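Visitor: In full-length UniProt numbering, the protein residues as written are 1 to 281.
Ideal placement from N, C-alpha and C gives every residue a C-beta, glycine not left out.
All values reported here derive from a predicted model rather than from experimental measurement.
I'd like to ask you about the structure that follows.
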């Protein structure tokens, strides 16, 4: 794998291979912002895929181009930043442009507001089996190494040393309510098309309502009707997620069907699937 360079301490989680640089560490004192802007616009016209990193001291911003389409810029914590704001905040910046595969650019951009890294229970290379099992999509970091993965397959990067501890940084957002609900609505609708869930849902929610109060059928906070999931808007995700995982597994047990035997397609590759820990079924 290519050697990587850390453009700034703030960017160290997601390094870029050094050999991908179109230009590196140019100072806007000598390569004015007007020229940086003109070049960035020209790259869009030519369908360029890559990352533009800008920093001045501890301030930084990263802009992504995916086949010429500019994504919103972002800075520490995944907060969006516009081009004009970046120029104003960093008048004497350094700039690096790196050419990257569009899939990698899209992945790195999607990690801009990623949650806290999750440690894997086993070291490398045994950890690779876990990445494959959960169809991991995101960045794997370990003692200075960083590699990028999609659906459990390595895309690019530097792999950990043998025996090293590893951390996953996933595209999954623990606070993404819309994404979480969309996943569970699609999953339960798909399962219901193969296994009628009306009676298993009634039985499972009654059995689990003491442990998961939101499943109490009389409270009507979580309702499944003809495979359509409805959730009370005020219900917290931290309460909803484990309840849905538990009720789905119990429904499958009551129906005598293994979730693993159902044709769920791309749902198994969603980060929400890995978070729900449904593989045991």
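If I measure Cβ to Cβ from residue 185 and keep anything under 6 Å in the same chain, skipping five residues before and after, which residues do I get?
Guide: Residue numbering aside, residue 185 sits at position 185 when the chain shown is read from its first letter. Hits under 6 Å: 229.
Visitor: Is residue 53 buried or exposed, if buried means 16 or more other CB atoms sit within 10 Å of its CB?
Guide: What you label residue 53 is simply residue 53 of the chain shown in a count that begins at 1. When all chains shown are included, residue 53 counts as buried.
Visitor: Mind checking which residues open and close the beta strand (DSSP E) that includes residue 146?
Guide: Here residue 146 refers to the residue found at position 146 of the chain shown. That run of the beta strand (DSSP E) goes 145 to 150.
Visitor: Which of helix, strand or coil does DSSP assign to residue 53?
Guide: By one-based count along the chain shown, residue 53 stands at place 53. Note: residue 53 maps to strand in three-state DSSP.
Visitor: As an exercise, report each continuous beta strand (DSSP E) stretch of at least 3 residues that is fully enclosed by the segment 138 to 192, in chain order.
Guide: 138 to 142, 145 to 150, 153 to 157 and 167 to 170
Visitor: Who are the Cβ neighbours of residue 5 in its own chain at under 6 Å, not counting the five residues just before and after it?
Guide: By 1-based counting over the chain shown, the position of residue 5 is 5. Only weak support exists for where residue 5 lies, its pLDDT of 42 falling under 50; the value from the coordinates is given anyway. 18, listed in sequence order.
Visitor: Output needed for residue 267: all residues of its chain with C-beta closer than 7 Å, excluding positions within five of it in sequence on either side, in chain order.
Guide: Mapped onto the chain shown, residue 267 falls at position 267. The residues are 186, 187, 190 and 273.
Visitor: Among the candidates 68, 151, 14 and 262, whose CA atom is the shortest distance from the CA of residue 39?
Guide: Residue 39 sits at position 39 when you count from the first residue of the chain shown. Residue nearest to residue 39 within the set 68, 151, 14 and 262 is 68 (criterion: CA-CA distance).
Visitor: Near residue 24, what residues of its chain come up, given a Cβ to Cβ distance below 7 Å and the 5 sequence neighbours on each side ignored?
Guide: As a first step, residue 24 is located in the chain shown; it is residue number 24 there, counting from the start. For residue 24, where only same-chain residues beyond five positions count, the Cβ hits under 7 Å are 96.
Visitor: If we ignore side chains and look at the alpha-carbon of each, how far apart do residue 9 and residue 148 end up?
Guide: In the chain shown, residue 9 corresponds to position 9, counting from 1. In the chain shown, residue 148 corresponds to position 148, counting from 1. Below a pLDDT of 50, predicted positions are generally treated as unreliable, and residue 9, at 36, falls in that range; the measurement from the model is reported next regardless. Inter-residue distance for residue 9 and residue 148 is about 19 Å (C-alpha atoms, whole angstroms).
Visitor: Return the bridge partner residues of residue 62 from the DSSP annotation.
Guide: The residue labelled residue 62 in the question sits at position 62 within the chain shown. Answer is 53 and 74, bridged to residue 62.
Visitor: Out of 80, 270, 66 and 26, state which residue places its alpha-carbon closest to the alpha-carbon of residue 41.
Guide: Along the chain shown, one-based indexing puts residue 41 at 41. Checked all of 80, 270, 66 and 26; the closest Cα to residue 41 is 66.
Visitor: So within the segment 85 to 133, which uninterrupted beta strand (DSSP E) runs reach at least 3 residues, ignoring any that extend past its ends?
Guide: 94 to 99
Visitor: Does the pairing of the segment 201 to 218 with the segment 241 to 252 give three or more beta-carbon distances under 8 Å?
Guide: yes
Visitor: What do you get for residue 7, buried or exposed, if any count of 16 or more other CB atoms within 10 angstroms of its CB means buried?
Guide: The sequence position of residue 7 within the chain shown is 7, counting from 1. A caution first: residue 7 carries a pLDDT of 40, below 50, which makes its placement in the model too unreliable to give a value.
Visitor: Can you give me the C-alpha to C-alpha distance between residue 233 and residue 170, rounded to a whole angstrom?
Guide: In the chain shown, residue 233 corresponds to position 233, counting from 1. In the chain shown, residue 170 corresponds to position 170, counting from 1. Whole-angstrom Cα-Cα distance: 26 Å.
Visitor: Just to confirm, is the Cβ distance from residue 257 to residue 195 under 8 Å?
Guide: On the chain shown, position 257 is the one that residue 257 refers to. On the chain shown, position 195 is the one that residue 195 refers to. Taking the C-beta atoms as reference points, residue 195 is found nearer than 8 Å to residue 257.
Visitor: For the 8 Å Cβ check, are there 3 or more pairs between the segment 29 to 39 and the segment 72 to 79?
Guide: no
Visitor: Looking only at DSSP bridge pairs, what is residue 199 linked to?
Guide: Position 199 of the chain shown holds residue 199. For residue 199, DSSP assigns no beta-bridge partner whatsoever.
Visitor: Between residue 255 and the rest of its own chain, which residues show a CB-CB distance below 6 Å, the 5 nearest in sequence each way excluded?
Guide: Stepping through the chain shown from its first residue, residue 255 is reached at position 255. For residue 255, where only same-chain residues beyond five positions count, the Cβ hits under 6 Å are 195 and 200.
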